[in-house]
Structure formats: structure tokens, C-alpha cells
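Undergrad: This is the structure I want to talk about, given as C-alpha cells.
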Amino acid sequence: MRFRHNNDWTVGYANGDLGRIEAQQQFIKSAMRKTLSFRLPVVIREVYPYIKTDLTLAEILLLAGDAVNFSTEKLETDMIPGYATMIDGVSYYVHDPRLVSDMINELYGVEKN
Numbered sequence: 000m001r002f003r004h005n006n007d008w009t010v011g012y013a014n015g016d017l018g019r020i021e022a023q024q025q026f027i028k029s030a031m032r033k034t035l036s037f038r039l040p041v042v043i044r045e046v047y048p049y050i051k052t053d054l055t056l057a058e059i060l061l062l063a064g065d066a067v068n069f070s071t072e073k074l075e076t077d078m079i080p081g082y083a084t085m086i087d088g089v090s091y092y093v094h095d096p097r098l099v100s101d102m103i104n105e106l107y108g109v110e111k112n
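According to numbering that gives the first Met the number 0, numbering within the sequence shown proceeds without interruption in unit steps and concludes at 112.
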């Protein structure tokens, strides 16, 4: 996804890279909704000859059947916890190891001791 300018012709996202990440997450959800709303088997049959894969057409169509039942409402996106900071004049996003560990444990249902 390429970004050139805001509607008011300012350049950049309100929260810099964090705003860009949020915009990318929204784009992916929107693209998935559009893709899943197509007549997927028809599209797959049309593009299959132009794709290099070790999957057969039948295997791809079988997987597509699962995708049709997928709801983007169930799709969750997260960002690794941390903070933005400037180091030697360069913007960085620094993760918080403790919060990342907590996030992973929560995602995978790991109980703390």
C-alpha cells in the first residue's frame, strides 16, 4: 500500500509509523472482505494457470471453500506493545519485553504461575 498525502495535502500519518500500521491493518481487512465476496472458485480457475505452486487446482479449491466461510469480523489484529522514541535523530519503535510476553501468553492461553 502506498501513501502519498492526506486529503488536506499534508504528508504523513497522524501517529507516524503507528498510524501507518493501523492503516495497513484496515486495508488488509477491507481487501479480505472484497476478495471473499467474489465468486472465489471462478476467480481461482481463471488465475490458476498463471500461478506457480505445488498445490493442485482441486487442493486450492478445497482451501477456498474454507475461506468462503471466514468472517473478517472474527479477524483480530494487534500491535506489539511498546513505545515510539527518537534515538540519535532516528525514529524507533521499541517493544516492551514484559508486555510482549504477557500478550503472547494471553493469545495462546498460557496461565501465569
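Cβ coordinates follow ideal geometry from the N, Cα and C atoms, glycine included.
Since we're looking at a predicted model, the values are computed, not measured.
When DSSP labels each residue in this structure, what does T52 get in the three-state scheme?
TA: Coil at T52, not helix or strand.
Undergrad: Compare the Cα-Cα distances from I20 to each of I79, R32, E45 and report the closest residue.
TA: With distances taken between Cα atoms, I20 lies closest to I79.
Undergrad: Roughly how many angstroms separate the alpha carbons of L56 and Y82, rounded to a whole number?
TA: Rounded to whole angstroms, L56 to Y82 spans 45 angstroms at the Cα level.
Undergrad: Please go through the same chain and pick out, in chain order, the residues whose beta-carbon is closer than 6 angstroms to the beta-carbon of T76, but skip the five residues on each side of it.
TA: Around T76: Q24.
Undergrad: Restricting to runs no shorter than 3 residues, where is the beta strand (DSSP E) found entirely within the region 72-103?
TA: DSSP runs (the beta strand (DSSP E)) wholly in the region 72-103: 81-86, 89-94.
Undergrad: Compute the Euclidean distance between the alpha carbons of L54 and L60, then round it to the nearest angstrom.
TA: Roughly 10 angstroms separates the two Cα atoms.
Undergrad: Cα separation between S90 and D101?
TA: If I take the Cα positions, the gap works out to 25 angstroms.
Undergrad: Along the chain, where does the alpha helix (DSSP H) containing R38 start, and where does it finish?
TA: Note, R38: premise wrong, no alpha helix (DSSP H); not H, not E.
Undergrad: Assuming L74 contacts K28 (C-beta within less than 8 angstroms), just tell me the rounded distance between them.
TA: So it is a contact: roughly 6 angstroms between Cβ atoms.
Undergrad: Alpha carbon to alpha carbon, how far is E105 from L17? Give it in angstroms, no decimals.
TA: Going by the C-alpha atoms only, they are around 22 angstroms apart.
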